[in-house]
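One line per chain: the protein sequences are A and B, in this order. Whatever position you read off the first sequence (first residue = 1), add 1344 for the numbering used here. Whatever position you read off the second sequence (first residue = 1), add 1344 for the numbering used here. Where a beta carbon is used, it is the ideal one built from N, C-alpha and C, also for glycine. Nothing here was measured: the structure is a model prediction, and the numbers come from that model. Structure, as structure tokens:
Protein chains: 2
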Amino acid sequence: MLTRVSSTPTFKRLPRAIREQQMLDAAVRVFSRRGFHAASMDEIADDAGISKPMVYAYLGTKEELFVACLHRETARMMEAIAGAAAPDLPADQRLWRGLRAFFGFVGAHRDGWKVLYRQARGSQPFAAELAAMRARLVGVVAGMLDHALRAEGREVAETELEVVAYALVGASESLGDWLADHPDAEPEKTATRMMNVAWLGAGQLLGGVTWRPPAN
Amino acid sequence: MLTRVSSTPTFKRLPRAIREQQMLDAAVRVFSRRGFHAASMDEIADDAGISKPMVYAYLGTKEELFVACLHRETARMMEAIAGAAAPDLPADQRLWRGLRAFFGFVGAHRDGWKVLYRQARGSQPFAAELAAMRARLVGVVAGMLDHALRAEGREVAETELEVVAYALVGASESLGDWLADHPDAEPEKTATRMMNVAWLGAGQLLGGVTWRPPAN
DNA sequence: GCGTAACCTTACGTGCGAGTAGGTATGCTG
DNA sequence: CAGCATACCTACTCGCACGTAAGGTTACGC
């Protein structure tokens, strides 16, 4: 009814690119603290300091918005990891740097990580997106293990490698989750612990040592 | 308007205890394939071959229903694991039996596992429930490691143990997830693979071998 | 200085699904 | 066979939050 007495515009007009980033920032914050379902577009708009129709105009529906968040965060993360692990280093060095980058990223973007890891798993539409990223990670790790194996003249079935890689990635994700919930924990230390478990375990495997189930 | 010509009752009347189980079965199925949000009470009722008000009468609101599913499935799982690992066996035997029981459970209740692991993580109300179960598991594993350590006269800070245990549990959960998505995979084999990574890694750690980050 | 395009708003339509009111049938107990 | 408790149903209300229509305002090009 009353069309706001245009006293002071209160908020500045900004170019689209900027606003989009602000919206994504807000979306990640809200999604991470409410979960996908409980997060309302109104709250996201509010948190971004903008009104709802703008969000729809720029980023589309709620699902599309969430996917956009997913894309940005996964891209950032993969970039961080890829940038850290030079491909011509020895395997343990590569693994270490990858882990350090990963936990560093999670530590610095705890909200983003919560969105990625916790929300996206359940609902069908997003699971695929996330699974794709995990598949890339698993592929990288498996490739690393394979490389190290061949260097020692050994060879292992592909499935075997993949499952081991999957376990390592899973353990890292899980510790990442732990890290996201413990604001005081140090990413570097967490990475070291993970490296201990991963490398000593994998190292043994690479060395040809295996554990066999007992008869019983 | 038309109050169903009572030709044949079509479906039998059953005592409450039975119906409750049927409803929980249906709920687990539907939650696992749709996710918590997308699952509708109508569909659950339908799947259970009963009408919606019965679900409300017996199990309460949607959230309460989900929590009931969580309770039942976690109880079953903990029971399966606890029943397998006799406390007086050597550490590797206990770990092996625990893992085998765990993957056996997941293989036999893939739907239940999906509900537990995927859906409950995100939304606030349920996360606590799930976290409690994981905490128990982590506690058990950490205790096992600690026991094995003391037997060898060594000792490690509690946090350290807990984080290692957390990583192992996380890796197992992750492989469990992988198993739930691969109907043809054998639980036993998956357990063996997990055991390889876990025990060789943990074994090294127990033996006093550790990996240290390089200077750089 | 004026048009036009992009930015931004308030205020609403709408559908879906959680939860309920009120009534009917059926078996068990005496 | 009365009576009562319990199993069970159809058919509704209603609120919430997604998504949008229609219009106001600022900046920038010419």
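For residue i, I'd like the list of residues in its chain whose CB is within less than 6 angstroms of its CB, leaving aside the five on either flank, ordered along the chain.
{"i": "Met1539/A", "result": "Trp1440, Leu1443"}
{"i": "Pro1359/A", "result": "none"}
{"i": "Met1421/B", "result": "Phe1449"}
{"i": "Ala1486/A", "result": "Leu1505, Glu1506, Ala1509"}
{"i": "Met1477/B", "result": "Thr1418"}
{"i": "Pro1353/A", "result": "Reliability fails at Pro1353/A, whose pLDDT of 45 lies under 50, so the model's placement of it is uncertain and the value that follows must be treated cautiously. No residues qualify anywhere along the chain."}
{"i": "Pro1558/A", "result": "none"}
{"i": "Glu1530/B", "result": "none"}
{"i": "Val1349/A", "result": "Any reading at Val1349/A must be qualified, since the residue scores a pLDDT of 38, below 50, and its modelled position is unreliable; the value itself is stated next. Answer for Val1349/A: no residue qualifies."}
Looking at residue j and residue i, is the spacing between their C-beta atoms short of 8 angstroms?
{"i": "Ala1542/A", "j": "Lys1458/A", "result": "no"}
{"i": "Thr1534/B", "j": "Phe1447/B", "result": "yes"}
{"i": "Gly1379/A", "j": "Glu1417/A", "result": "no"}
{"i": "Ala1412/B", "j": "Ile1425/B", "result": "no"}
{"i": "Phe1410/A", "j": "Phe1449/A", "result": "no"}
{"i": "Ala1452/B", "j": "Arg1438/B", "result": "no"}
{"i": "Glu1502/A", "j": "Leu1493/A", "result": "no"}
{"i": "Gly1514/B", "j": "Gly1514/A", "result": "yes"}
{"i": "Ser1562/A", "j": "His1381/B", "result": "Residue 1562/A is absent from the structure shown; chain A starts at 1345 and stops at 1560."}
{"i": "Ile1388/A", "j": "Ala1370/A", "result": "yes"}
{"i": "Val1632/A", "j": "Met1385/A", "result": "Within the shown structure, residues of chain A are numbered from 1345 to 1560, placing residue 1632/A beyond reach of any answer."}
Return the chain-ordered list of same chain residues with a C-beta closer than 8 angstroms to the C-beta of residue i, the five sequence neighbours on each side being excluded.
{"i": "Leu1414/A", "result": "Val1459, Leu1460, Ala1464, Phe1470, Glu1473, Leu1474"}
{"i": "Gly1427/A", "result": "Ala1445"}
{"i": "Val1482/B", "result": "Glu1506, Ala1509, Tyr1510, Val1513"}
{"i": "Pro1527/B", "result": "Arg1454"}
{"i": "Thr1347/B", "result": "Any answer about Thr1347/B is weak, because its pLDDT of 38 lies below 50 and its placement is not dependable; what the coordinates show is given next. Excluding positions up to five away in sequence, the list is empty."}
{"i": "Glu1532/A", "result": "Arg1444, Phe1447, Gly1448"}
{"i": "Leu1433/A", "result": "Arg1441"}
{"i": "Tyr1402/A", "result": "Arg1360, Arg1363, Glu1364, Met1367"}
In chain order, what residues of the same chain lie with their CB nearer than 7 angstroms to the CB of residue i, ignoring the 5 residues before and after it?
{"i": "Ser1351/A", "result": "Residue confidence for Ser1351/A is low, a pLDDT of 37 falling below 50, so the modelled location carries little weight and cannot support an answer."}
{"i": "Arg1357/B", "result": "none"}
{"i": "Ala1479/B", "result": "none"}
{"i": "Ser1339/A", "result": "Since the first residue of chain A shown is 1345 and the last is 1560, residue 1339/A is not available in this structure."}
{"i": "Met1488/A", "result": "Ala1435, Arg1438, Leu1439"}
{"i": "Asp1490/B", "result": "Leu1505"}
{"i": "Lys1406/A", "result": "Met1385"}
{"i": "Lys1309/B", "result": "The question about residue 1309/B has no answer, for chain B in this structure spans 1345 to 1560."}
{"i": "Leu1544/A", "result": "none"}
Tell me whether residue i counts as near the ligand NAP, meaning its Cβ is closer than 7 angstroms to at least one heavy atom of that ligand.
{"i": "Gly1483/B", "result": "Looking at this structure, you won't find the ligand NAP or any other ligand, since it has none at all."}
Quiz prompt | Selection of the stretch 1475-1508 of chain A by Cβ proximity to chain B, strictly under 8 angstroms | solution = Glu1504, Val1507, Val1508
Quiz item: In chain order, what residues of the stretch 1377-1401 of chain A put their CB closer than 9 angstroms to some CB of chain B?
Solution: Arg1377, Arg1378, Gly1379, Phe1380, His1381, Ala1382
Quiz item: Are three or more beta carbon pairs between the stretch 1503-1515 of chain B and the stretch 1518-1532 of chain A nearer than 8 angstroms?
Solution: yes
Quiz item: Can we say the stretch 1384-1392 of chain B touches the stretch 1366-1375 of chain B, given the rule of at least three CB pairs closer than 8 angstroms?
Solution: yes
Quiz item: Which residues, taken in chain order from the stretch 1421-1437 of chain B, show a beta carbon closer than 8 angstroms to some beta carbon of chain A?
Solution: Asp1436, Gln1437
Quiz item: Given a limit of 7 angstroms on CB to CB distance, which residues of the stretch 1461-1476 of chain A reach chain B?
Solution: Arg1462, Gln1463, Arg1465, Gly1466, Ser1467, Gln1468
Quiz item: Going along the stretch 1519-1532 of chain B in order, which residues come within less than 7 angstroms of chain A, judged by CB to CB distance?
Solution: Leu1519, Trp1522
Quiz item: What residues in the stretch 1535-1546 of chain A bring their beta carbon closer than 9 angstroms to a beta carbon of chain B?
Solution: Ala1535, Thr1536, Arg1537, Met1538, Met1539, Asn1540, Val1541, Ala1542, Trp1543, Leu1544, Gly1545, Ala1546
Quiz item: Closer than 8 angstroms, Cβ to any Cβ of chain B: which residues of the stretch 1400-1419 of chain A, in chain order?
Solution: none
Quiz prompt | Interfacial residues, the stretch 1356-1376 of chain B to chain A, with Cβ spacing under 7 angstroms | solution = none
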